[in-house]
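Counted from 1, the sequence shown has number 9 at position 6 by this note's numbering; the numbering is strictly sequential. Ideal Cβ placement from N, Cα and C applies to all residues, glycine included. Accompanying notes for the structure given below.
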Amino acid sequence: MNFSLSQLQAFVATVELGSFKQAAISLNKRGQAIAQLVSTLEDSCQVQLFIRHTRRLELSVQGKKLYRYAKRVVNTAEVMNQTLIDVLHEIPDSFSVAIDNTLICDEIIEAYMAVLIEYPSIDLIVKTGGTNDVVDWVANGDVEMGLVFSPMRSLDGMLNVPIFSFPVVDVASPKFLNSGAVVQEEELEGYAQIVPEFVYGSSHESLYVISDKIIRTNDLQNAVGMLTHCQSWMRAPLYVVKPYLDNHQINAFSIQGASQNIWFAELIYKSEETVSVAGDLFTQKIQALDTLFQDKGN
């Protein structure tokens, strides 16, 4: 019994798309060529795979049995083909990245998932943690690169590159402050302020902390939930809290006399030589967020 991969591909595509014509479009071949490939496969196997009606094809009992195995062979061949391409183009076996908890959002998830879509044969490894955790993982070689809130300082033994900026907004529970409220800084001193852990790790508390009572967190998504349980407030990236603002779960307010704040995120890695093509793609996707987040702030 002799058969080819092309015959199996033609058969599988015809089963899934319902006709030789649609299978031909999918495989970029002529309809007559697909019909011939399937017919040759039937002759080789000495079975009728399709019952030909005037305007449609009906998969035979033998065809149903063969389809399961043919599909598996075609999928395996596609994986093998992609693996060979990856070897020729020096695609790494894996890509590992660490993300600062306080930066996680759908757009960043899409950025590292884009790597897996572009290079399906690699293993994607994603770690999340506090800012200092991410820095340590990169320094120890546990991950290829990390995305963190900018520490505004150089990091020993690694490169840190500003990758995008984003506006921040002061938010509170609707039970505490009305949307658009303007308050004096002194009015906030007696209420709890939720502060991202990186502020202390970067020694920025003298510039950032206003209230006498502090709640420290490394998870801003969880911090939004805290706002609804007590009279507290926090300063957070607009792109993180915007869905909650749109749903009126929290309110944005302003501090009188305060200027708009812009925060930065950085990519960190040990050296240019340690960054793979997968890391390059992730970098490109993350860089594109700068314009996106600025637009969301307008």
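For residue i, name the three-state secondary structure that DSSP assigns.
i: Gly183; result: coil
i: Ile258; result: strand
i: Asn250; result: coil
i: Lys288; result: helix
i: Gly66; result: helix
i: Asp103; result: strand
i: Val77; result: helix
i: Asp136; result: helix
i: Tyr115; result: helix
i: Ile213; result: coil
i: Tyr272; result: strand
i: Gln196; result: strand
i: Asp222; result: coil
i: Arg33; result: coil
i: Ser9; result: helix
Hey, residue i and residue j are a contact pair by Cβ (cut 8 Å); roughly how many whole angstroms apart?
i: Val185; j: Gln259; result: 5 Å
i: Phe179; j: Gln234; result: 5 Å
i: Ala268; j: Val151; result: 7 Å
i: Val172; j: Ala255; result: 5 Å
i: Leu52; j: Leu40; result: About 11 Å; that fails the 8 Å criterion.
i: Tyr122; j: Ala281; result: 6 Å
i: Lys288; j: Ala114; result: 4 Å
i: Ser97; j: Ile128; result: 6 Å
i: Pro199; j: His251; result: Actually they do not touch by this definition, with Cβ atoms about 23 Å apart.
i: Glu147; j: Ser279; result: 7 Å
Just to confirm, are residue i and residue j a CB contact at a threshold of 9 Å?
i: Ile253; j: Ala142; result: no
i: Ser322; j: Ala16; result: Only positions 4 to 301 of the chain appear in this structure, which leaves residue 322 out of reach.
i: Tyr247; j: Val227; result: yes
i: Thr305; j: Asn104; result: Residue numbering for the chain in the displayed model covers 4 to 301; residue 305 lies beyond these limits and cannot be assessed.
i: Leu60; j: Phe23; result: yes
i: Gly149; j: Leu241; result: no
i: Asp136; j: Ala101; result: yes
i: Lys273; j: Met161; result: yes
i: Leu191; j: Ile218; result: no
i: Leu284; j: Val118; result: yes
i: Val50; j: Leu69; result: yes
i: Lys216; j: Gln196; result: yes
Measuring only the C-alpha atoms, how far is residue i from residue j?
i: Gln65; j: Gly133; result: 57 Å
i: Thr277; j: Val244; result: 34 Å
i: Gln85; j: Asp139; result: 34 Å
i: Cys48; j: Thr57; result: 24 Å
i: Glu189; j: Asn181; result: 17 Å
i: Phe201; j: Leu158; result: 14 Å
i: Ile94; j: Val82; result: 14 Å
* Is the number of C-beta pairs between the region 165–172 and the region 210–224 that are closer than 8 Å three or more? -> no
* Asked: Can we say the region 99–117 touches the region 69–83, given the rule of at least three CB pairs closer than 8 Å?
  -> Result no; under three Cβ-Cβ pairs closer than 8 Å.
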